[in-house]
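Numbering (my numbering), first residue to last: -6 to 495.
Glycine included, every Cβ here is placed at the ideal spot set by N, Cα and C.
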Ligand code: BES
Ligand code: MN
Ligand code: ZN
């Protein structure tokens, strides 16, 4: 789908569908008034009959019967006028795209529902629309039979009508580009993460990084299993040694000229998590190809830093392994020596994420960066605590935590802080080694966080547990069923703010 900007009047726009905002209480928004007037018939009774009240995401499609250029007038709920923000517009745009399936060209006045910030409105509508248009259908045949058939073709073009006032505001082309770039990056993370595990092994992730980051101002270096063993990455080697497909540590570097204050991003890249010898039950394994969503998010974020002219040096580490059982696999009770020299007794091979992340965090911390952020589908316990939509944030630094919560709110990626209780630290002490890789049965997300904290060398650090929101079980707003690409937009917002703040 293409999103473009128009200067002309929306009501006379040549399109198959015209989408206009309606506020709560069916108060007609910008463009809606004129469009309904052109229909020449009252719409209130019809809307009432359909139960349309103007709540965000509600839609009502009305046939225009030749009274308008567009065949369909789509009324889109945006809620209370005073509460319209970027997230409302992203969700409303998603509703237009989903409703517009089958149409070729749609025009919309949605950005005008937020007149206080025309650029932000254009960015949000473009972002929400392109996120909602996402589909992962590369494994479906074009002419498959009934069960395998593709859904109707997506909208080809969405034309944004920001209104006459916005024309004077300027910067709209840049805002449109920013929305497009942020959605493209998110959709890239979704693509990588939706890829089945038999098509994306750790070496494939490395190859994908090389290919996708070529010409993007990011250099890629890869450590293979031999280098990892020789250089003391006991966690990554230990997790990866059961698999036929060996592990990789992928280093990504973005270094804009003259910029200081290095940021390190670490992503969990378990291309498949069977649990290892502590084997998962079959149902829990079904979605474990997505256990590399953290790595996908870091890769995708870094792929657009140059486009967004981010002025912060960013180093990314993708800690990638396949967690499989075999005669060579790490056993419960084995001891691993990690990159920073700490020893870990592995009591559950299914707590593998923290092992690969620990090595990458230790390496990242060694360069004494200004901040470290890790992203990982780390614990089922975080899903128990926060449900499927919320990212769990743990941090050893108040300012960094506050910045990230703020960026996440702005990006529309719900995030909630969890503690790193010092009282619980004793529960990850091992009789045999420095640490063990599991804590108490309850509060599992916190033990994982406390474990990771042992490897950041007291640098300012935040941990994002995305075990819940990495996937969506349905098409929901601008999320599409499957991988969500969560944290890409939060990280981009945070990095953009950081590059202007200093
Ligand atoms: N990849 C899983 C966590 C996960 C669970 C992600 C559900 C997405 C959805 C992780 O490696 C894992 O298996 N964690 C264990 C840790 C436990 C053994 C301490 C868990 O959460 O059960
Ligand atoms: Mn696991
Ligand atoms: Zn895992």
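CB contact check: residue 397 to chain B, cutoff 8 Å: Here there is only one protein chain, and chain B is not present.
Rounded C-alpha distance that separates residue 101 from residue 17: For the purposes of this step, residue 101 is taken as residue 108 along the chain shown, with counting starting at 1. For the purposes of this step, residue 17 is taken as residue 24 along the chain shown, with counting starting at 1. When only Cα atoms are considered, residue 101 and residue 17 end up about 18 Å apart.
Element boundaries [beta strand (DSSP E), containing residue 366]: Position 373 of the chain shown, counted from the first residue, corresponds to residue 366. Looking at the DSSP string, the run of the beta strand (DSSP E) that includes residue 366 is 364 to 369.
Beta-carbon proximity of residue 460 to residue 373, cut-off 8 Å: Translated into the one-based positions of the chain shown, residue 460 becomes position 467. Translated into the one-based positions of the chain shown, residue 373 becomes position 380. Contact: yes.
Spatial neighbours of residue 80 in its chain, beta-carbon cut-off 7 Å, leaving aside the 5 residues before and after: Looking up residue 80 in the chain shown gives position 87. Only residues of its own chain outside the window of five on either side were considered, and among them 405 have a CB closer than 7 Å to the CB of residue 80, listed in chain order.
8 Å Cβ cutoff met for residue 177 and residue 245: As a position in the chain shown, residue 177 is number 184, starting the count at 1. As a position in the chain shown, residue 245 is number 252, starting the count at 1. No; because the gap between Cβ atoms is not below 8 Å, this pair is not in contact.
Residue 384 beta carbon less than 8 Å from that of residue 362: Here residue 362 is taken as the residue at index 369 of the chain shown, counted from 1. Here residue 384 is taken as the residue at index 391 of the chain shown, counted from 1. Here residue 362 is not near residue 384, since their CB atoms are 8 Å or more apart.
Alpha helix (DSSP H) runs wholly inside the region 246 to 312, at least 4 long, in chain order: With a minimum length of 4 residues, the continuous alpha helix (DSSP H) runs that stay inside the region 246 to 312 are 275 to 278, 286 to 295.
Straight-line gap, residue 419 to residue 442 (C-alpha atoms, nearest Å): Indexing the chain shown from 1 puts residue 419 at position 426. Indexing the chain shown from 1 puts residue 442 at position 449. Taking the straight line from one Cα to the other gives about 13 Å.
Pick from 104, 248, 370 that is closest to residue 155, judged by C-alpha positions: Working through the chain shown from its first residue, we reach residue 155 at position 162. When only C-alpha atoms are compared, the closest one is 104.
Neighbourhood of residue 375 by C-beta distance below 7 Å, restricted to the same chain and skipping five residues each side: For the purposes of this step, residue 375 is taken as residue 382 along the chain shown, with counting starting at 1. Contacts found: 385, 438, 458, 460, 461.
Residue nearest to residue 202 in terms of C-alpha spacing, selected from 453, 243, 234: Here residue 202 corresponds to residue number 209 of the chain shown, with the count starting at 1. Selected option, being the one with the closest Cα: 243.
In DSSP terms, what residue 387 is bridged to: Against the chain shown, residue 387 aligns to sequence position 394. Answer is 456.
Proximity below 8 Å, CB of residue 258 to CB of residue 338: Here residue 258 refers to the residue found at position 265 of the chain shown. Here residue 338 refers to the residue found at position 345 of the chain shown. Not closer than 8 Å, so no.
Beta-carbon spacing of residue 4, residue 39 below 8 Å: Mapped onto the chain shown, residue 4 falls at position 11. Mapped onto the chain shown, residue 39 falls at position 46. It is not a contact, given that the beta carbons lie outside the stated cut-off.
Per-residue DSSP class, three states only, for residue 483: Sequence index remark: in the chain shown, residue 483 carries index 490 (1-based). Helix, per DSSP.
Residue 343 versus residue 334 - alpha carbon distance: Sequence index remark: in the chain shown, residue 343 carries index 350 (1-based). Sequence index remark: in the chain shown, residue 334 carries index 341 (1-based). Pairing residue 343 with residue 334, the inter-Cα distance amounts to about 22 Å.
Residue 49 beta carbon less than 8 Å from that of residue 24: Against the chain shown, residue 24 aligns to sequence position 31. Against the chain shown, residue 49 aligns to sequence position 56. Cβ atoms of residue 24 and residue 49: not closer than 8 Å.
Meets three-Cβ-pair contact criterion under 8 Å: the region 478 to 488 and the region 294 to 312: Of all C-beta pairs linking the region 478 to 488 to the region 294 to 312, three or more are shorter than 8 Å, placing the two stretches in contact.
Residue closest to residue 8, alpha-carbon to alpha-carbon, out of 64, 27, 271: Here residue 8 is taken as the residue at index 15 of the chain shown, counted from 1. Closest by C-alpha distance to residue 8, out of 64, 27, 271, is 64.
For residue 45, the first and last residue of its enclosing beta strand (DSSP E): Position 52 of the chain shown holds residue 45. Element bounds for residue 45: n/a, residue is neither H nor E.
Simplified DSSP assignment, three categories, for residue 336: Residue mapping note: residue 336 aligns to position 343 of the chain shown, counting from 1. In this structure, residue 336 counts as strand in the three-state DSSP scheme.
3-residue-minimum beta strand (DSSP E) runs that sit fully inside the region 50 to 75, ordered along the chain: 52 to 56, 65 to 72, all fully within the region 50 to 75.
Beta-carbon separation (whole angstroms), residue 90 vs residue 122, contact threshold 8 Å: Here residue 90 refers to the residue found at position 97 of the chain shown. Here residue 122 refers to the residue found at position 129 of the chain shown. The beta-carbon distance between residue 90 and residue 122, rounded to whole angstroms, is 5 Å. This is short enough to meet the 8 Å contact definition.
Residue 323 to residue 78 span [Cα, whole Å]: To locate residue 323, count along the chain shown from 1; it is residue 330. To locate residue 78, count along the chain shown from 1; it is residue 85. Taking the straight line from one Cα to the other gives about 50 Å.
From 57, 107, 293, -2, residue whose alpha carbon lies closest to that of residue 27: In the chain shown, the residue the question calls residue 27 occupies position 34. Residue 57 is the option with its Cα nearest to residue 27.
Run of the beta strand (DSSP E) containing residue 330, from where it starts to where it stops: Within the chain shown, numbered from 1, the residue matching residue 330 stands at position 337. In the DSSP assignment, residue 330 falls within the beta strand (DSSP E) that extends over 328 to 330.
Environment of residue 316 [buried if 16+ CB atoms lie within 10 Å]: By one-based count along the chain shown, residue 316 stands at place 323. Buried is the call here.
Residue 239 vs residue 217 beta-carbon contact at 8 Å: Mapped onto the chain shown, residue 239 falls at position 246. Mapped onto the chain shown, residue 217 falls at position 224. With contacts defined as CB atoms closer than 8 Å, residue 239 and residue 217 qualify as a contacting pair.
Check: residue 315 C-beta below 7 Å from any heavy atom of ligand 2: As a first step, residue 315 is located in the chain shown; it is residue number 322 there, counting from the start. Checking every heavy atom of ligand 2 against the Cβ of residue 315, none is found closer than 7 Å.
Reduced DSSP secondary structure (H/G/I, E/B, other) of residue 425: Position 432 of the chain shown, counting from 1, holds the residue named residue 425. Residue state for residue 425 is assigned as coil, using DSSP reduced to three classes.
C-beta contact flag for residue 311 and residue 357 at 8 Å: Counting from 1 along the chain shown, the entry for residue 311 is found at position 318. Counting from 1 along the chain shown, the entry for residue 357 is found at position 364. Cβ distance not < 8 Å, so residue 311 and residue 357 don't count as in contact.
Residue 237 - DSSP class collapsed to helix/strand/coil: Here the question's residue 237 lines up with position 244 in the chain shown. DSSP places residue 237 in the coil class of the three-state scheme, outside both helix and strand.
Residues whose Cβ lies closer than 5 Å to any heavy atom of ligand 1, in chain order: Here the list is 266, 284, 341, 343, 344, 346, 370, 372, 373, 431, 460.
Residue range of the beta strand (DSSP E) that includes residue 444: Taking the first residue of the chain shown as position 1, residue 444 is located at position 451. No beta strand (DSSP E) contains residue 444, which is instead part of the alpha helix (DSSP H) from 437 to 446.
Segment limits, alpha helix (DSSP H) that includes residue 349: As a position in the chain shown, residue 349 is number 356, starting the count at 1. Residue 349 -> alpha helix (DSSP H) spans 346 to 359.
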